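Here the structure is laid out as structure tokens; the discussion comes afterwards.
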């Protein structure tokens, strides 16, 4: 991150309150240009830092989206498997009950 923190004071490039004479105008213009260059440099440094940070955040977001997509796929597969197991359990329970009922009828222990 840029070491140059932007402040109002650093961004102030022109102080129009002083009266500028004809002979001092060139010096004042040079001073203004130097201050403007320093302000532009500070802005450029901060903008470049922001670009780097935004790029890093975008990369992290893409990674997170990929992770979330994979988690969603796994969750969908898990739900399908859970539904399959529940159905198998219901079918097996029904079959066991029918077999138990048939055995009771054969052995004479039935409640009919």
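Numbering (our numbering), first residue to last: 12 to 123. Glycine is no exception: its CB is placed at the ideal position from the N, C-alpha and C atoms. Just so it is clear, the structure is predicted and the values come from calculations on it, not from any experiment.
Item                                                                                   : Value
Length of the line joining the Cα atoms of residue 44 and residue 50                   : 10 Å
Continuous alpha helix (DSSP H) stretch holding residue 74: start and end              : 36-118
Given residue 17 as reference, the closest of 39, 60 and 90 once Cα atoms are compared : 60
Host alpha helix (DSSP H) of residue 21 (start-end)                                    : 19-22
Distance between beta carbons of residue 31 and residue 21, contact taken as under 8 Å : About 22 Å; that fails the 8 Å criterion.
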